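S.K.: First, the structure itself, so that you have it in front of you.
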Amino acid sequence: MSKYEVIIIGGGPAGLTAGLYTSRAGLKSLLIERGIFGGQIVNARQVDNYPGFPEGISGFELASLMHEQAIKYGLETINATVTAIKPGGNYSVITAEGNFEAEAVIIAAGSEYRKLEVPGEEELLGRGVSYCATCDGFLFRDLDVAVVGGGDTAITDALELSEHASKVYIVHRRDQLRAGQILKNKALAQPKLEPVWNTVVEEIIGDNKVSGLSLRNVKTGKITKLEVAGVFVAVGFEPNSQCFADIVELDETGLIKTDELMATSAPGIFAVGDIRKNSPRQVAGAVGDGATAALSAFKYLRERS
Ligand SMILES: Cc1cc2nc3c(=O)[nH]c(=O)nc-3n(C[C@H](O)[C@H](O)[C@H](O)COP(=O)(O)OP(=O)(O)OC[C@H]3O[C@@H](n4cnc5c(N)ncnc54)[C@H](O)[C@@H]3O)c2cc1C
1 MSKYEVIIIG GGPAGLTAGL YTSRAGLKSL LIERGIFGGQ IVNARQVDNY PGFPEGISGF
61 ELASLMHEQA IKYGLETINA TVTAIKPGGN YSVITAEGNF EAEAVIIAAG SEYRKLEVPG
121 EEELLGRGVS YCATCDGFLF RDLDVAVVGG GDTAITDALE LSEHASKVYI VHRRDQLRAG
181 QILKNKALAQ PKLEPVWNTV VEEIIGDNKV SGLSLRNVKT GKITKLEVAG VFVAVGFEPN
241 SQCFADIVEL DETGLIKTDE LMATSAPGIF AVGDIRKNSP RQVAGAVGDG ATAALSAFKY
301 LRERS
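Each residue of the sequence shown is one higher than the one before, starting from 1 at the first, in this note's numbering.
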């Protein structure tokens, strides 16, 4: 079994930054990624809120630059899916392609937005379809938009969007919001927000950019069209944490609990980026976590030896 001082699971912005820092610190480091190096941000047509790029940068290019920079300093990377971390003197990181031994592990496996799975959603991603109000809300100044969902995230997004948009429809399949009472009160007091009850999205309409939604009332079956320039899907997300549930403590939604130094409940295992509880779910936050965890891992290894 190949042995490393640090193994990083996940090659998004958080994992690549952790790998950059551990490699530059001289730690023998391996990053294991199951898909495309760069993580979710490769799907962003344009990233305008990552510092250092005043004209914005495509998510793919940003991710490629992060990958290039990390391997330049000696980070080893492989494509494999991690299925478990086993305890012992050192940790064993289990993959279908073989197992690896690590003194410290940084989990950077991210999370995935739940999709509506309707026509137009994939085709119009980044052209009016978004999963992130903080990332894209600014693009809809004085335009009408819709948020799909009725929980805390949907209402937080709707309130954030009301700072920019002229009107924010909240399309929800029930006849009341699931969000907490304080958020509900705020939403109902904001005149720009208009709930569309008992309704689901059948299709996102648009030729190259979103122009509207085809909606179905779940009680009457009636189909209507809502004209909007943007649709924010806020129906939840799934942390990629199932295979770590035996080794680190998760919260009730599956996010990994950490302290401010990114330490989890297991000594020598750190968690960073979108997979950890209280993450801002932004690239800038993910890279900050990656740097913090790398420094914590360095300290942990020095104290251990
Ligand atoms: C369409 C879109 C647009 C966005 N736009 C912006 C924006 O403009 N600005 C902004 O700040 N943020 C934006 N975000 C959010 C941003 O992409 C995330 O906050 C960021 O990528 C989180 O980084 P991460 O490294 O924590 O996780 P991720 O980027 O999710 O990376 C995790 C990686 O781990 C891998 N992985 C998961 N499980 C395993 C396993 N078991 N074994 C091996 N590998 C595994 C995954 O394949 C993935 O590559 C956007 C997201 C999306 C989807």
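We put the beta carbon where it would ideally sit given N, CA and C, even for glycine.
None of these values were measured; they are calculated from a predicted model.
For F232, which residues does DSSP report across the bridge?
M.R.: According to DSSP, F232 bridges with S130, V147.
S.K.: Do F232 and D136 have their beta-carbon atoms positioned less than 9 Å apart in this structure?
M.R.: In contact: D136 and F232 (Cβ atoms closer than 9 Å).
S.K.: Can you tell me whether T22 is helix, strand or coil according to DSSP?
M.R.: Three-state result, T22: helix.
S.K.: What is the rounded straight-line gap between the Cα of S265 and the Cα of D251?
M.R.: Their Cα atoms are separated by approximately 12 Å.
S.K.: Which residues mark the beginning and the end of the beta strand (DSSP E) in which S111 is found?
M.R.: Counting along the chain, the beta strand (DSSP E) containing S111 begins and ends at 111 to 113.
S.K.: At a threshold of 8 Å, does Y213 count as lining ligand 1 (C-beta to nearest heavy atom)?
M.R.: What sits at residue 213 in the sequence shown is Leu, not Tyr. No, Cβ of L213 sits at least 8 Å from all heavy atoms of ligand 1.
S.K.: Excluding five sequence neighbours on each side, which residues of the same chain lie with their C-beta closer than 8 Å to the C-beta of E163?
M.R.: For E163, where only same-chain residues beyond five positions count, the Cβ hits under 8 Å are G137.
S.K.: For G74, which residues from the same chain have a beta carbon less than 6 Å from its beta carbon, with the 5 sequence-adjacent residues on both sides left out?
M.R.: Hits under 6 Å: S23.
S.K.: Quick check on A263: buried or exposed, where buried means 16 or more other Cβ atoms within 10 Å of its Cβ?
M.R.: Its Cβ being crowded by 16 or more others within 10 Å, A263 is buried.
S.K.: Under three-state DSSP, which class holds G312?
M.R.: Shown here, the chain extends from 1 to 305; a query on residue 312 therefore has no answer.
S.K.: Curious, which full-length alpha helix (DSSP H) runs of at least 4 residues does the stretch 33 to 58 contain?
M.R.: Taking only runs of at least 4 residues, no alpha helix (DSSP H) segment lies wholly in the stretch 33 to 58.
S.K.: Count Cβ pairs between the stretch 78 to 89 and the stretch 24 to 36 that sit closer than 8 Å; are there 3 or more?
M.R.: As far as the Cβ criterion goes, the stretch 78 to 89 touches the stretch 24 to 36, which means the pair count is three or higher.
S.K.: Measuring only from the beta carbon, is S296 closer than 8 Å to any heavy atom that is part of ligand 1?
M.R.: No - ligand 1 has no heavy atom lying nearer than 8 Å to the Cβ of S296.
S.K.: Under three-state DSSP, which class holds A179?
M.R.: Here A179 sits in coil by DSSP.
S.K.: Would you tell me roughly how many angstroms separate the C-alpha atoms of I256 and P280, rounded to the nearest one?
M.R.: Roughly 14 Å between the two C-alpha positions.
S.K.: Are there any heavy atoms of ligand 1 lying less than 8 Å away from the beta-carbon of S130, as far as the coordinates show?
M.R.: S130 Cβ: within cutoff of ligand 1.
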